[in-house]
Amino acid sequence: MTETTTLGADFAQALATKDFDRVAALFATPVDFRGLTPRRFWEAGSPEEVVADVLRTWFEDSDEIEALEKLETDSFADRERVAYRFRVRNPEGLFLIEQQAYLSGSGGRIEWMRVLCSGFRPIEEER
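Using the numbering used here, read the sequence shown as starting at 883 and increasing by one per residue.
Pasting the structure below:
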């Protein structure tokens, strides 16, 4: 597994536990970050902006990430792809969220990242 492949998995695992300090530590300064959710386009240029302005908005304090249900990584050319699915519970119910990200980095830090998010998709409680 290459360093880049490790970066994507590390990002997904840190985000799954809402370890925002670890997430911030995975990004270089500056970083070229862009994200797309069902209703909005997001941009950030520093690790602090990625965490405070984007990820903490996507996953609020009331959003409990119960499980990292799926994690896939792959690399091609000069990019890595990481896909992950979270099961999230909040006051509105139970949801699945899937994200696809493409990234590149060096020195153990993500320098460029694009994330596409499915949004919060409601699911039934398991019986």
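Built from N, CA and C at the ideal position, the CB exists for glycine as well.
- Within the DSSP bridge table, the entry for Val-964 names Thr-955, Ala-983 as partners.
- Annotation for Asp-960: Ser-986 place their beta carbon closer than 8 Å to its own, counting only its chain and skipping 5 residues before and after.
- Residues of the same chain with a CB within less than 8 Å of the CB of Glu-946, apart from the 5 flanking positions on each side, are Val-970, Arg-971, Asn-972 in chain order.
- For Ser-928 and Ala-906, the gap between their C-alpha atoms comes out near 9 Å.
- Ranked by Cα distance from Thr-939, the first of Cys-999, Ile-1005, Ile-992 is Cys-999.
- Between Ala-983 and Val-964, the C-beta spacing is below 9 Å.
- With a cutoff of 9 Å on beta-carbon distance, Leu-937 and Ala-894 are scored as not near each other.
- Pro-920 and Ser-988 have their C-alpha atoms some 30 Å from each other.
- Distance from the Cα of Arg-904 is smallest, within the candidate group Pro-1004, Ser-957, Ala-926, Ile-992, for Ile-992.
- Taking the CA atoms as reference points, Arg-916 sits about 11 Å from Arg-922.
- Non-local beta-carbon contacts of Glu-980 in its own chain, meaning distances under 6 Å to residues more than five positions away in sequence, involve Arg-967, Ser-1000 in chain order.
- When secondary structure is reduced to three states using DSSP, Asp-914 falls in the strand class.
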